[in-house]
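Below is one structure, written out as structure tokens; the observations come after it.
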Amino acid sequence: MIVVLDSGCSLKDKASVVRFIERRGGQLLVSEIGDETHIGLIGPEAQSLAGEIESMPGVAELRAVAAPYPQVSREHHPESSEVRVGDVQIGGTEVVVMAGPCAVESEKQLSAVGEAVARFGARMLRGGAFKPRSSPYSFQGLGEEGLVLLAQVREQTGLPVVTEVVAPEDVDLVARYADMLQIGARNMQNFRLLSEVGAQTLPVLLKRGISSTVEELLLAAEYVVSAGNPQVVLCERGIRTFETTTRNTLDIAAVPVLKQKTHLPVIVDPSHAAGERYLVPHLARAAVAAGADGIIVEVHNDPDSALSDGKQSLTLNGLASMMAELRQIARAMDRHIAPPRDPTDLVPLTSS
Ligand code: PEP
Ligand code: MN
Numbered sequence: 000m001i002v003v004l005d006s007g008c009s010l011k012d013k014a015s016v017v018r019f020i021e022r023r024g025g026q027l028l029v030s031e032i033g034d035e036t037h038i039g040l041i042g043p044e045a046q047s048l049a050g051e052i053e054s055m056p057g058v059a060e061l062r063a064v065a066a067p068y069p070q071v072s073r074e075h076h077p078e079s080s081e082v083r084v085g086d087v088q089i090g091g092t093e094v095v096v097m098a099g100p101c102a103v104e105s106e107k108q109l110s111a112v113g114e115a116v117a118r119f120g121a122r123m124l125r126g127g128a129f130k131p132r133s134s135p136y137s138f139q140g141l142g143e144e145g146l147v148l149l150a151q152v153r154e155q156t157g158l159p160v161v162t163e164v165v166a167p168e169d170v171d172l173v174a175r176y177a178d179m180l181q182i183g184a185r186n187m188q189n190f191r192l193l194s195e196v197g198a199q200t201l202p203v204l205l206k207r208g209i210s211s212t213v214e215e216l217l218l219a220a221e222y223v224v225s226a227g228n229p230q231v232v233l234c235e236r237g238i239r240t241f242e243t244t245t246r247n248t249l250d251i252a253a254v255p256v257l258k259q260k261t262h263l264p265v266i267v268d269p270s271h272a273a274g275e276r277y278l279v280p281h282l283a284r285a286a287v288a289a290g291a292d293g294i295i296v297e298v299h300n301d302p303d304s305a306l307s308d309g310k311q312s313l314t315l316n317g318l319a320s321m322m323a324e325l326r327q328i329a330r331a332m333d334r335h336i337a338p339p340r341d342p343t344d345l346v347p348l349t350s351s
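Under the numbering used here, the residues of the sequence shown are numbered 0 to 351, in order.
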């Protein structure tokens, strides 16, 4: 429910409406849209308060909200929001490339990949320390040791780190090392985890579940935002369909659909959609052309010996050439991707 105030509504009347809602235990969201003030009534009390609010001084009309995710919907917040991670702004004119291995495996691996991706113009380093694997016998990640390596390579490269947290009880630990917390596809509807990352201050990268609708993704984002954390970036990473030639089917239409429905930034993971290295640049190009605010991509210095997702990981040279192509597409879309960096910018790793 949206309470639209009269354009000439006095500050006193506006304050009375807000106080009334708060006193009655309602949650609200105030936004200035054009020359109108909107008070979004959210939560279970909305319906019961609406009748009394309608007759209060300064109230022009009540409008029903179509979306069940009022805080992430564009209805309340027509301007696109930007999410800041370190010095990186996601959702502005830059198309942000996040790159790194599927899993952190060793200092040597992460340092080599981190150094290369920074040099090629990636703006953030990805890498899993806690890996949600389909099989219990697959490599589960290095845990805290992996987080330490991520923090070390952040020092080496200056790149902020995005890494996955798989359990509510790990949020504090992962947040001590990371700059952005990733919620993986398998956990998109782990509501305890969503509330936990919503109750802390690092930005969140929320990946779409493999069988989740766009609406379910937006509702998952609403969990995070309603728990107090507005800094959420959504990620389309492919969904499961009847098609088996790709690991998942990249729902490219989800990019403009999401951009239309929500003010949150939207990025694409072409790696988990593709499942095959050769496909990754094709999907990444499509994502930038479809209006994605960024790409998160898996890269490995020796993909054939990777402990997870080697088949879909780009080689270092593969990333360099993909980024050159993406820069051209970004330019055609009136956006930009950071240029390659001078290697002398990168601080050498001091430990052995
Ligand atoms: C990952 O990013 O390595 C990952 C496991 O992704 P997803 O949750 O999308 O499968
Ligand atoms: Mn992976």
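Even glycine gets a Cβ: it sits at the ideal position worked out from N, Cα and C.
Got a sec, what are the start and stop residues for the alpha helix (DSSP H) residue i sits in?
i: residue 174; result: 170 to 176
i: residue 224; result: 213 to 225
i: residue 326; result: 315 to 331
i: residue 18; result: 10 to 22
i: residue 114; result: 106 to 119
Under 6 angstroms: does the beta carbon of residue i sit that close to some heavy atom of the ligand PEP?
i: residue 276; result: no
i: residue 49; result: no
i: residue 290; result: no
i: residue 183; result: yes
i: residue 239; result: no
i: residue 236; result: yes
i: residue 99; result: no
i: residue 281; result: no
i: residue 37; result: no
i: residue 258; result: no
i: residue 13; result: no
Taking DSSP's pairing of strands, which residues face residue i in a bridge?
i: residue 125; result: 161
i: residue 295; result: 97
i: residue 76; result: In the DSSP output, where bridge partners are listed per residue, residue 76 has none listed.
i: residue 31; result: 36
Within 10 angstroms of the Cβ of residue i, are there 16 or more other Cβ atoms? Answer buried if so, exposed if not.
i: residue 6; result: exposed
i: residue 316; result: exposed
i: residue 206; result: buried
i: residue 202; result: buried
i: residue 69; result: buried
i: residue 344; result: exposed
i: residue 341; result: exposed
Taking just the CA atoms, how far does residue j sit from residue i?
i: residue 19; j: residue 337; result: 49 angstroms
i: residue 213; j: residue 321; result: 28 angstroms
i: residue 4; j: residue 76; result: 16 angstroms
i: residue 161; j: residue 218; result: 22 angstroms
i: residue 331; j: residue 22; result: 51 angstroms
i: residue 144; j: residue 150; result: 10 angstroms
i: residue 263; j: residue 86; result: 18 angstroms
i: residue 11; j: residue 73; result: 28 angstroms
i: residue 284; j: residue 99; result: 18 angstroms
i: residue 292; j: residue 52; result: 39 angstroms
i: residue 59; j: residue 237; result: 44 angstroms
i: residue 122; j: residue 208; result: 25 angstroms
i: residue 242; j: residue 40; result: 42 angstroms
i: residue 44; j: residue 35; result: 23 angstroms
i: residue 297; j: residue 256; result: 25 angstroms
Is it the case that the CB of residue i approaches a heavy atom of the ligand MN more closely than 6 angstroms?
i: residue 301; result: no
i: residue 308; result: yes
What are the boundary residues of the beta strand (DSSP E) that residue i is part of?
i: residue 181; result: 179 to 182
i: residue 41; result: 35 to 41
i: residue 238; result: That residue, residue 238, is in no beta strand (DSSP E); it is neither H nor E in DSSP.
Is it the case that the CB of residue i approaches a heavy atom of the ligand COA more closely than 6 angstroms?
i: residue 127; result: For the structure depicted, the ligand COA is absent and the ligand set comprises only the ligand PEP and the ligand MN.
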